[in-house]
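The structure under discussion appears below in the form of structure tokens.
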Amino acid sequence: MNVVMLFSFLEPVITLNPDRPSISVTLKVRYLGNNSDRKLWPPETSEPLVPPSVSLVPEVPFPPIIYLLASTSHLDRLHRVRQQHTRRAAAAAANSPCCDDRREILQAIDAGVMNDPRAGRRSQSPLFLVLVVALLFFAVTVEASYGDRLPEFRECVQVCHDENCAPGKEATPIPLHRRLLFWSCASECDYTCQHIITKQRIAAGERVVQFHGKWPFYRFLGIQEPFSTLFSLGNLWAHHDGWRKLRAVLPASYPLRPWYEWLAGVGIASWIFSAIFHTRDFVATEQLDYFAAGASVLYGLYYTVVRIMRLDRPTPRRRSVLRAWTLLCVLLYAGHVAYLKGVRWDYTYNMTANVIVGMIQNVLWLWFSFRKYRQSRRGWAIWPSIVVASVITVMSLELFDFPPLWGALDAHSLWHLGTIPPTILMYRFLVKDAQDDMAGSERLKS
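Numbers in this note's numbering are just positions in the sequence shown, counted from 1, shifted up by 64.
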């Protein structure tokens, strides 16, 4: 067998030269083959890194944890045997004197119901037990992506797990900064194999596929999606900056200030959960991100109606309408969460619901913006229209999803980047609008 995989959770420094590539630390190297063919290479002393008839795949951006050495002949063979490999492996496992865990894994592969490797072996960190308890409430069934079902990916995860994570095997150390983010042996294997298979597919001229509903990103300091996390924090800053300006400019007596402060608070919370989710993708972090995003979108519609209809004014009729509108929004959000959590975790429904609510809000702001501009002829009155146009433009990125550039920058992260400027502009409009409203009230009093 001419394929060698190096599973190294230490991200070692590799020193290569054209004549004699060598490695300065001992790595666990596994042959992808039958049990009788599997062995460790190189030995304890430093030896040539590349054996005969094996070519080196170029290094990946960011400090990598994997290096794949693969011959072209094996790649061709690997794709020829995809359909028959799974059943052959399961049959061999059934007759081999291996551990029960291995037999169960292979049987699950054969049945097509392999569990998510991210839910595998416990982490070396005791904090993982706390996380497990916290995540139990959020347990749902997740539909696998195309990459999850690839036989070579499952074989890779199986080999890595057997040689690094199985009971009785010497544990491979995981750096502290990754253990703090709950990277376990199983999740390390999953991450490693995603990039091994992606490298193989690129070398074979095949398209990059998703794993667990995500593109194979290169992590940074243990963060799964570095740019999405960074841009989520950028949106968090935009809401915090807006909250700070609202409190600095608007007096506490201004009737719309509480609704605007709630807007900033809900926005800050939603982007905190977004940053957490993109840092580490668990079922719980995904659900919290979706629920917080839904709350942010619905609250955006809620305060929009309050502002445009001036439901903040203390008249009996407006007070009654405000109570009814508040109750309706609370019931809608409770029903939304209850459906996703108690009936079905439906990505299509969730996206549709958020788009509908967001579009209603956008239409209201467009109408209000044009009406305000016609009445006042002030340039800032059209800012909401610019915000709406900007959001719709960057939202279109989600419709043209593509594999991440340089393994890090995808359409979703660019969508998060694109929402920062409109958020800043919208808070500036709210301040200008409030100042104009207060000035108009003063003119009426005088």
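For each residue, glycine too, the CB sits at the ideal point set by N, CA and C.
- For I261, the enclosing alpha helix (DSSP H) has its first and last residue at C249 to A267.
- Contact between the segment 272-289 and the segment 221-228 is absent, with fewer than three C-beta pairs closer than 8 angstroms.
- Pairwise C-beta distances place the segment 484-497 in contact with the segment 298-305, as three or more of them are shorter than 8 angstroms.
- Bounds of the alpha helix (DSSP H) holding Y366 are V347 to M373.
- Following the DSSP letters along the chain, one finds D305 inside the alpha helix (DSSP H) bounded by residues P290 to V313.
- DSSP, reduced to helix, strand and coil, places F434 within a helical segment of the structure shown.
- Ranked by how close their Cα comes to the Cα of M423, the residues D345, A356, R408 and A453 have A453 in first place.
- In this chain, C229 is not harboured by any alpha helix (DSSP H), its DSSP state being neither H nor E.
- Taking C-beta atoms as the reference points, S292 and H342 count as a pair closer than 8 angstroms.
- Contact annotation: the segment 317-326 touches the segment 362-377, with at least three C-beta pairs closer than 8 angstroms.
- Taking the Cβ atoms as the reference, W447 lies roughly 7 angstroms from R492, within the contact range of under 8 angstroms.
- By the C-beta density criterion, D497 is buried, having at least 16 other C-beta atoms within 10 angstroms.
- A direct Cα-to-Cα measurement between Y210 and R265 gives close to 13 angstroms.
- Of the candidates C253, S248 and A235, the residue whose Cα lies closest to the Cα of V223 is C253.
- Contact between N418 and L404 is ruled out by a C-beta separation of about 11 angstroms, above the 8 angstroms threshold.
- Only residues of its own chain outside the window of five on either side were considered, and among them L320, W323, D376, L386 and W389 have a CB closer than 8 angstroms to the CB of V370, listed in chain order.
- Boundaries cannot be given for G471, as no alpha helix (DSSP H) includes it and DSSP labels it neither H nor E.
- Within the model, the alpha-carbon separation for D465 versus H480 is close to 13 angstroms.
- A check of alpha carbon separations from F246 across L285, V421, Y411 and I261 identifies L285 as the nearest.
- Nearest C-alpha to A503 among L314, A339 and S248: L314.
- Residue pairing by DSSP puts F275 in a beta bridge opposite K278.
- In this structure, the beta-carbon distance from I261 to E216 falls below 8 angstroms.
- In this structure W279 is buried. Its beta-carbon is surrounded by 16 or more other beta-carbon atoms within 10 angstroms.
- Looking at the DSSP output, F284 sits in a beta bridge with I287.
- Note on geometry: alpha-carbon atoms of L463 and I340 lie some 24 angstroms from one another.
- A Cβ-Cβ contact shorter than 8 angstroms links V495 with K309.
- In this structure, the straight-line span from the alpha carbon of W409 to that of R441 is close to 47 angstroms.
- DSSP places S334 inside the alpha helix (DSSP H), whose first and last residues are R321 to T343.
- Contact between F295 and S477 holds, since their C-beta atoms are separated by about 6 angstroms, short of 8 angstroms.
- Here the alpha carbon of R382 sits roughly 14 angstroms from the alpha carbon of L391.
- Linking H259 to A328 through their CA atoms gives a straight-line distance of about 39 angstroms.
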